[in-house]
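Heads up, the sequence shown is in the numbering used here, so the first residue is 1449 and it goes up one at a time.
Shown next, in structure tokens, is the structure this report addresses.
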Amino acid sequence: MFELAAQHSIGRPPEWALLQRELFETMADAVDRFVDENGEPYWPPRGYTGVDGFDDVIEGFYNWPLVYALGGDERFLEHARDVYAGALRRGRNAETPFGHPMVVDEFEQCRDWFHLGEGNLFTYNMGLAAPTDDAVVDRAERFARLYFDTDDEADAGNYDGDRRLVRGPMNGSMGPDHCDFSAYEHHPYGAEYRWASHGLPWRDLEFDEAAELCDPDNEERLFEVLDERCSKGDIPLNLNVTSLMTNAYLHTGEDRYREWVVDYLAAWRERTAENGGIIPDNVGRSGEIGEYTDGSWYGGYYGWSWGGWHYVGIGPTVAAENAVLLTGDREHLAFPRSQLDVLIENGLEVDEDSVHSTLYVPHKYGGPGDYHYDASGVLTEDDGAVLWRDGWYEFKPHRDDPYVFHLWYLSLSEADRERVDRLRDWGSRDWTQVDYRPSNKHGAGQEYAWLAYLDGEFPDYPQRRLEASHAHVQERLALMREEGGVPDDVDEDYLRDRNPIVHRGLLQLTMGAPQPVYYGGLVMAQLRHFDPERERPGLPPGVAALVEDVTQEGVRLTLVNVGGRDRDVIVQAGAYGEHEFTAIELDDERVRPESTCIRVSLPSGTRLTVAASLDRFVTEPSYALPWSGSCRSRVRDE
């Protein structure tokens, strides 16, 4: 392994380094568990019957193993294992309307991949944190096998390998046929929720105006429509299954998982080409587009008319990322890029001032009809109806959807960077400030401030980002102190809403990585750190890291040892060793490691700054730890 040694002593460490180490320590003391005497979460309650909410419980601690993998205390991993085991017990003891539990064989029985994607973030983070844990590896393989079509009696019937399609929008350990929208417990989106703004496939039926969708008397008929049109066949959201396969590949290196990802993504690209370049949101079990929607390519579950681009964009982005990671071929990014370009081509410019205009892109597609409903922040007609143009509607800035940012991050091309600027919300977003209270549960949107830092426009970003992370921790601790124990009203969100652990800023600053696509994406990173003394993932105690630049050529990294002991740290190229260090510039010296890892010696009170050239996606990705021999070059077979 190539070795470097820090030569520069520091007086007082930089503020960002002190804040970073303090954040790790504060969060370690803040890890708390709202569990009962058996170590189980308080939700779902005893006697509960339903299918919704298990992912929300997992979201309450899904990032604990990730923070451990970044360098957090052992308690993060210990508590994560304990609470997950307790959550699985609760899930196994919660019934559904179908005569089996909510969780079967440690996997949700039948859910959509918006929610399965959220819940399985824990699965993927455990791969980063504990790749040698037999239970973690076993789950990765078992979960992936649920989506192979075999003659095995355990085959859940989720996947049709001949047609390369997932057989239902709802799927899981019990298969896609346990989908019944008319069962009240199975679907939360009744008349009192947001039928109208989601715009389910109703405009060709008996309803005359959107307000009728909010009438409880119509709820039974609306569930019938869902069952008729949205309970079978494939949807773009199912492309999230590729993360399950990629996770299994990272553990095992077995080609069948990579082949599944490439084949399934290719099937959706073929359907998109057949549909004139726009991804259809529903495909029947025969493989026919619009099989259950009277031939319409829109109107499916989590599709263009129901939730729009926010949901449709998840699958193409996640699957393309996974395919690039597994194959090294960035051509796969052409798929999500083409869908963003469809929105751009149909967008409308809105002048913000004499200099800037914002592109309002359509987020939904549907047939003509009445579009009088409450949809904030979108362009409207003079009479207040949501603007509809040639099928496209809900024109608004791209906002927090991370898809355009992830496209650039994987390609690092100038054209994709220009696309980020093209979709910037010039009217309301200041890219040089940090939102101390994110507007959504996944905290998206901070990538744009980080990009301003990488561009040299926001030099204080590391400190501001870490200060915001500290504020998040203290705010959650204050809430728990005020409550003095278990909250009076425990629901599926109670853990998530009190989780004091935050990882987003640490990913950006230490690994040069954005927040993964929250609904099921894997961590994609420039660098990753390991502690060789303790033989575990993450930065050693007292060591802080800052990725100061990310370019097509490589990265600039500073490591600081603010502690009282000499430390060594292994720096890996990529989250999974998928990149290779081709050159390292240190002071006036330029060396060529030609390896996936370098080892850095950091005496107490020293720092090291290097410019590292990277050849990206050229080696086989793996969860393997550096001391297992994985640091030698794993160049892909051509």
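A virtual CB, placed ideally from N, CA and C, is assigned to each residue, including glycine.
Predicted model only: the values in this text are computed from it and were never measured.
Classified as exposed, R1982 has fewer than 16 neighbouring CB atoms from the shown chains inside 10 Å of its CB.
L1466 and L1954 do not touch by the CB rule: their CB atoms are close to 14 Å apart, not below 8 Å. The alpha carbon of G1609 has as its nearest neighbour, out of L1569, W1708, E2026, the alpha carbon of W1708. Under DSSP, the beta-bridge partners assigned to H1977 are V2019.
Taking L1525 as the centre and dropping the five residues before and after it, the same chain places the C-beta of W1512, P1513, Y1516, A1577, A1578 closer than 8 Å to its C-beta, in chain order. Secondary structure at H1456: strand, using DSSP grouped into helix, strand and coil. DSSP, read as helix, strand or coil, puts D1936 in coil.
For the options G1701, D1711, G1763, L1698, the alpha carbon positioned closest to that of D1729 is the one of G1763. Put simply, the backbone Cα of G2002 is about 21 Å away from that of G1986. Burial state of Q1881 is exposed, judged by a 10 Å Cβ sphere holding fewer than 16 other Cβ atoms.
In this structure, DSSP gives F2029 an extended state, which the three-state scheme calls strand. The beta carbons of N1606 and R1615 sit closer together than 8 Å. The distance from the Cβ of E1463 to that of Q1922 is about 18 Å, inconsistent with a contact at the 8 Å cut-off. Bounds of the alpha helix (DSSP H) holding A1897 are 1894 to 1902.
Apart from sequence neighbours up to five positions away, the residues of its chain that approach A1478 with a beta-carbon distance below 8 Å are V1921, R1924, L1925, P1948, I1949, ordered along the chain. With a 10 Å radius around the Cβ and a threshold of 16 neighbouring Cβ atoms, N2009 comes out buried. Under the 8 Å Cβ criterion, the stretch 1742 to 1761 does not count as touching the stretch 1686 to 1699, having fewer than three qualifying pairs.
Here R1612 is not near Y1749, since their CB atoms are 8 Å or more apart.
Taking a 10 Å sphere around the C-beta of Y2071, we find 16 or more other C-beta atoms and assign the residue as buried.
Between the stretch 1530 to 1537 and the stretch 1934 to 1941, the count of Cβ pairs shorter than 8 Å is below three; the stretches do not touch.
Residue burial is scored here from C-beta neighbours: W1836 has at least 16 other C-beta atoms within 10 angstroms and is therefore classed as buried. The alpha helix (DSSP H) runs lying completely inside the stretch 1902 to 1934 and spanning 4 residues or more are 1909 to 1931, given in chain order. The Cβ-Cβ distance between G1815 and R1677 does not fall below 8 Å. At the C-beta level, R1944 and E1556 stay beyond 8 Å of one another.
Within the model, the alpha-carbon separation for K1680 versus P2041 is close to 52 Å.
In the three-state reduction of the DSSP assignment, I1737 falls in the strand class. In this structure, D1873 lies near T1806, with their beta-carbon atoms less than 8 Å apart.
Judged by beta-carbon spacing, S2052 lies beyond the 8 Å limit of E1451, meaning their Cβ atoms are not closer than that value.
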